[in-house]
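Step one of this worksheet: look at the structure below.
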Amino acid sequence: MKTPYFTVKDIIQITGITKRALHYYDKTDLLKPSKVEDNGYRYYDQEALGYLQMILLFKEMNFSLKDIALMMQLSKKEQKDILREHRSTLVQRKQKLETIIDQLDEYVDGTDISHLHLFDDSPILSIQEQYESEAKFIYGDTVKYQEFEANVSELSVEEQEKAYQQFSVNMEQVFHALARHQDLSPASGEVQALVCEWKSCLEQFMSCDDEILRCIAEAYTTDRRYVGYFDQFGDEEFLRFLYQAIMVYVEGEERPLKPVFYY
């Protein structure tokens, strides 16, 4: 029985590979035709077909063509050793993808970017750490920021994390309460008491004068990163309402003597 040869068209029909890919494998010496006729037609025997099927298998397992070329020169045992190691890599990648999907869902559902944990296993700093670095870069030379750093440095890492988490919870409670009073005037006593509570949250780490409060209020309205964060508290007018309420507090002569809780 003569050894059967397959044309390029046959190989395409048998495996589903594209003509372009087959020619590229030929060009890069990954898979050469078993023979080439004088007219340039390429033919592949059964051994070459089996070789191609292994290439396609490894490619589907997410190996690069360069790695596949090296693997095809190894024994079956050596290939299996590499595959076992590769499996561990794929499992880690699967876990990472599951995390990405979960974080994607949380973000789409309204979770603020600063509350996501997408960078926990990444060399990229977390969003919260990036915010801190950005703040130090911009305000590091100011007395207020140095006061903030001094206060934070007295806490352990665990205490800092706990304090930041509680700070975040407290701030969100204030913003939710302000959103429930959005139908009132920004100058109303209820709203101004909540702004006073907002200031108290900030002063967990440093004292805040009118200049600091004004800068924060302006950052809320000019930094687009805050837009998505404040969307969770009220309608599209909430941020403007918050800004007006803070400005009333900063510019007003009569303020609440102490924060009044409306949670």
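Each residue of the sequence shown is one higher than the one before, starting from 539 at the first, in the numbering used here. From the three backbone atoms N, C-alpha and C, an ideal C-beta is built for every residue, glycine too.
Sort the options by Cα distance to residue i and report the nearest one.
i, options, result
"Met709", "Tyr767, Glu789, Lys565, Gln641", "Tyr767"
"Tyr543", "Ile555, Tyr579, Gly554", "Tyr579"
"Val681", "Ile750, Asp773, Leu590, Leu780", "Ile750"
"Val707", "Asp747, Glu623, Ile639, Asp650", "Asp650"
"Arg721", "Glu696, Lys615, Phe776, Ile549", "The amino acid occupying residue 721 in the given sequence is Asp; Arg does not appear at that position. Checking every option, the nearest Cα to that of Asp721 belongs to Phe776."
"Gln742", "Glu623, Val765, Glu687, Val629", "Glu687"
"Ile549", "Val695, Lys565, Pro571", "Pro571"
"Ser723", "Glu774, Ala586, Arg778", "Arg778"
"Ala725", "Ser691, Pro661, Leu780", "Leu780"
Using the Cα positions of residue i and residue j, report the straight-line distance between them to the nearest angstrom.
i, j, result
"Lys557", "Lys632", "32 Å"
"Gln782", "Leu716", "12 Å"
"Ser671", "Gly727", "36 Å"
"Leu569", "Gln617", "18 Å"
"Lys634", "Ser626", "12 Å"
"Asp658", "Ser738", "30 Å"
"Pro797", "Val733", "Low confidence applies to Pro797: its pLDDT is 47, below 50, so where it sits in the model is not reliable, and the reading given next is rough at best. Their Cα atoms are separated by approximately 8 Å."
"Asp619", "Leu612", "10 Å"
"Ala755", "Met744", "16 Å"
"Glu623", "Gln641", "28 Å"
"Glu636", "Gln698", "29 Å"
"Cys746", "Leu603", "60 Å"
"Glu644", "Asn689", "33 Å"
"Ile784", "Gln730", "8 Å"
"Tyr801", "Gln630", "Unreliable placement is indicated for Tyr801, whose pLDDT of 43 sits below 50; the coordinate value is still reported in the next sentence. If you take the alpha carbons of Tyr801 and Gln630, they lie about 43 Å apart."
"Gln684", "Phe675", "12 Å"
"Arg763", "Ala757", "10 Å"
"Gly790", "Asp748", "10 Å"
"Thr759", "Leu740", "18 Å"
"Lys565", "Tyr702", "58 Å"
"His719", "Val646", "26 Å"
"Val695", "His653", "18 Å"
"Phe799", "Lys700", "Only weak support is given to the placement of Phe799: the predicted model assigns it a pLDDT of 45, under 50, and the value that follows is read from those uncertain coordinates. Phe799 and Lys700: Cα-Cα distance of roughly 22 Å."
"Val502", "Trp736", "The question about residue 502 has no answer here: the residues shown for the chain are numbered 539 through 801."
"Leu595", "Leu608", "14 Å"
"Tyr582", "Tyr563", "13 Å"
"Leu693", "Met610", "57 Å"
"Glu792", "Asp761", "Its pLDDT being 48, under 50, Glu792 is placed unreliably by the model, and the measurement read from it follows with that caveat. Roughly 29 Å between the two C-alpha positions."
"Asn577", "Gln584", "22 Å"
"Ser691", "Asp773", "38 Å"
Checking 8 Å against the spacing of the C-beta atoms, do residue i and residue j come in under that value?
i, j, result
"Phe771", "Phe705", "no"
"Val788", "Arg752", "yes"
"Lys615", "Ile606", "no"
"Leu621", "Asn600", "no"
"Val574", "Leu560", "no"
"Ile495", "Leu656", "For residue 495 there is no data in the structure shown, the boundaries of the chain being 539 and 801."
"Asp567", "Gly648", "no"
Using a C-beta cutoff of 8 Å, does residue i count as contacting chain C?
i, result
"Val786", "Protein chains in the displayed structure number just one, and chain C is not present."
With DSSP as the reference, please indicate the residues paired to residue i in a beta bridge.
i, result
"Thr545", "Tyr581"
"Val574", "Arg580"
query = Between the stretch 553 to 571 and the stretch 583 to 601, do three or more beta carbon pairs fall short of 8 Å?
reply = yes
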